[in-house]
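Residue numbers (this note's numbering): 63 to 463.
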């Protein structure tokens, strides 16, 4: 955590977070526009460009932020971003659009909503365990299946986005490469700033990802959908939001699992947060299939909008009042864990539920003891040590300790 003058406090990381999110949205838009133009010049079929670019374009900020967060062992931040974006899309964005104007349901919308629900449910189910490369591969396979289904459902509706212009091929490459570089750089700033804000404010990293980062990366959808609602373009509203949630759950989720170290320490986010996203998606599908004459009404929009407020306190985002705040980096070290010892991921999750931050070391020495210590502590132990050590003043010790 960087040191700033006392008068600056949390202001600097908040400003960096706001600036990083703004730059991220602009750069991701330019990257997608360049990729679209480049694909068109390479004679990729328009239906493929439309389905892939429209879906990827709305999820590009979430993909880069969550993947980079996971690669830097901030899996909670990346997971919070995915879950929060899914919730924000179907509550804040869709609910606000329905309040502005009731949304007619175009042909195929209900089938797309079911694909969205299955995608969110699959991600929520897989993330209940320890995120692994195998589960990331499963999500990638599901993404391919979902993409095929969406292309077939929208074969007559999806068209390629407008290219950035009729310039030379070199310009398309410049937009694509330049947009990608700036997107990655701004995502790095977002991850750093969000982590700093969490530690300074005493908030769980998953909660910051769910709230500040997720809402920030959902702003493009919000602005697009509000404008579309005013013009009564219901197809654009629902296609953008449902496609975004499918890509968030499958493509961004796969990136999180493949790039991360497999440890989700915020168990409450992992369980209750994911369940909240699934419940919101289920309620949306019920509304679309049972209420109104193929229309999402203002009342239903208000219910969805209220769901955003309901989902925020879905897990404790601060340590308990009798647990001192721990803001330093700690290592949960598992050294050659025997069969009769407790799984280190389960231990990490239990500690996180008590408001502590447990981070698995990228490499493990080969003996048989486990402990949670500050990262600056020199580790020492005997291969014959069987007990678990916890150098902190946690208020509870699990009965399986």
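For each residue, glycine too, the CB sits at the ideal point set by N, CA and C.
Cβ shell of residue i (< 7 Å), same chain only, five flanking positions each side left out
i           : result
residue 147 : 124, 276, 279, 280 and 310
residue 179 : 343, 344 and 347
residue 239 : none
residue 314 : 121, 124, 125, 128 and 144
residue 211 : 177
residue 164 : 357, 358, 359 and 360
residue 249 : 86, 126, 127 and 130
residue 294 : 163
residue 320 : 195 and 198
Same chain, Cβ closer than 6 Å to residue i, five either side skipped, listed in chain order
i           : result
residue 131 : 139, 140 and 253
residue 401 : Residue placement at residue 401 is flagged as unreliable, the pLDDT there being 37, under the threshold of 50; a coordinate-derived value is accordingly withheld.
residue 292 : none
residue 273 : none
residue 318 : 128, 132 and 140
Per-residue burial, residue i [other beta carbons within 10 Å of its own, 16 or more giving buried]
i           : result
residue 237 : buried
residue 99  : buried
residue 285 : exposed
residue 255 : buried
residue 72  : exposed
residue 84  : exposed
residue 301 : buried
residue 214 : exposed
residue 137 : buried
residue 149 : buried
residue 232 : exposed
Alpha-carbon to alpha-carbon, residue j and residue i
i           : j           : result
residue 242 : residue 307 : 22 Å
residue 341 : residue 183 : 9 Å
residue 257 : residue 199 : 28 Å
residue 101 : residue 81  : 30 Å
residue 167 : residue 159 : 13 Å
residue 391 : residue 135 : Because residue 391 carries a pLDDT of 39, less than 50, the predicted location of this residue cannot be relied on, and the following value inherits that uncertainty. For residue 391 and residue 135, the distance between alpha carbons rounds to 11 Å.
residue 269 : residue 194 : 22 Å
residue 372 : residue 104 : 47 Å
residue 485 : residue 283 : The requested residue 485 does not occur in the structure, where the chain is confined to residues 63 to 463.
residue 91  : residue 244 : 11 Å
residue 151 : residue 190 : 22 Å
residue 154 : residue 369 : 8 Å
residue 299 : residue 185 : 23 Å
residue 337 : residue 181 : 13 Å
residue 133 : residue 202 : 18 Å
residue 262 : residue 271 : 15 Å
residue 97  : residue 339 : 30 Å
residue 204 : residue 188 : 12 Å
Residues near residue i by beta carbon distance below 8 Å, same chain, minus five either side
i           : result
residue 304 : 171, 174, 175, 177 and 178
residue 161 : 360, 363, 364 and 367
Sheet register partners of residue i (DSSP bridge)
i           : result
residue 358 : 165
Residue-chain proximity (residue i, chain B), Cβ-Cβ < 7 Å
i           : result
residue 177 : Although the question refers to chain B, the structure presented lacks it and comprises just one protein chain.
List, from N- to C-terminal side, the alpha helix (DSSP H) runs of 4 residues or more that fit wholly inside the segment 116–161.
With a minimum length of 4 residues, the continuous alpha helix (DSSP H) runs that stay inside the segment 116–161 are 137–150.
Start-end ranges of the alpha helix (DSSP H) lying completely within the segment 165–217, minimum 4 residues
171–188 and 195–215
My parser needs the alpha helix (DSSP H) runs of 4 or more residues fully inside the segment 271–303; what are they?
Fully enclosed alpha helix (DSSP H) runs of 4 or longer: 276–279 and 281–292.
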